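Report on the following structure.
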Amino acid sequence: MAIGEEVSNKQIIFKDFVTSFPKETDMEMASSTIKLKVSEGSKAILVRNLYFSCDPYMRLQMSKPGPQSYFPCFIPGSKMGSDYAQS
């Protein structure tokens with residue numbers, strides 16, 4: 001893949017808040033296209049994720065936010081990501 005090339009990008013979309021254990025139906029896969037780019041002079045790197053893991057701690061982010069939420073909640077209808085990986 002060359003810098004500036006337009007490629008297919010798969011995203012996991014969070015559908016709605018969960019009340020028990022998350023199920024596959026609580027998420028959906030969507031595709032879009034992105035242009036590969038890294039700012040000139042940047043020390044950033046571009047990586048490709050091969051797998052998406054929905055780990056148990058993410059359940060806290062899939063629940064409605066409460067008064068003592070420790071993690072930022074996912075927003076229904078938006079893509080799931082983290083501070084380290086974005087789709």
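Counted the way the UniProt record's numbering counts, the sequence shown spans residues 1 to 87.
Beta carbons: idealized from backbone N, C-alpha and C, even for Gly.
Remember, it's a predicted structure, so these values are computed and weren't measured experimentally.
Three-state secondary structure (DSSP) of residue i
| i | result |
| --- | --- |
| Thr25 | helix |
| Gln61 | helix |
| Ala35 | With the sequence shown as reference, residue 35 is identified as Lys, and Ala is not the correct amino acid for it. DSSP places Lys35 in strand when its eight states are reduced to three. |
| Glu6 | strand |
| Ile13 | strand |
| Lys79 | strand |
| Ala44 | coil |
8 Å contact criterion, which residue i and residue j should meet: CB distance rounded
| i | j | result |
| --- | --- | --- |
| Phe74 | Met62 | 6 Å |
| Val7 | Leu36 | 6 Å |
Local Cβ density within 10 Å of residue i, reported as buried at 16 or more and exposed below that
| i | result |
| --- | --- |
| Phe14 | buried |
| Met80 | buried |
Residues of its chain near residue i, where Cβ-Cβ distance is below 8 Å and the 5 sequence neighbours each way are ignored
| i | result |
| --- | --- |
| Tyr70 | Leu60 |
| Lys10 | Met29, Ala30, Ser31 and Ser87 |
| Ile34 | Glu6, Val7 and Asn9 |
Neighbourhood of residue i by C-beta distance below 6 Å, restricted to the same chain and skipping five residues each side
| i | result |
| --- | --- |
| Pro56 | none |
| Glu5 | Leu36 |
CB contact flag (residue i, residue j, <8 Å)
| i | j | result |
| --- | --- | --- |
| Pro76 | Phe17 | yes |
| Ile12 | Met27 | yes |
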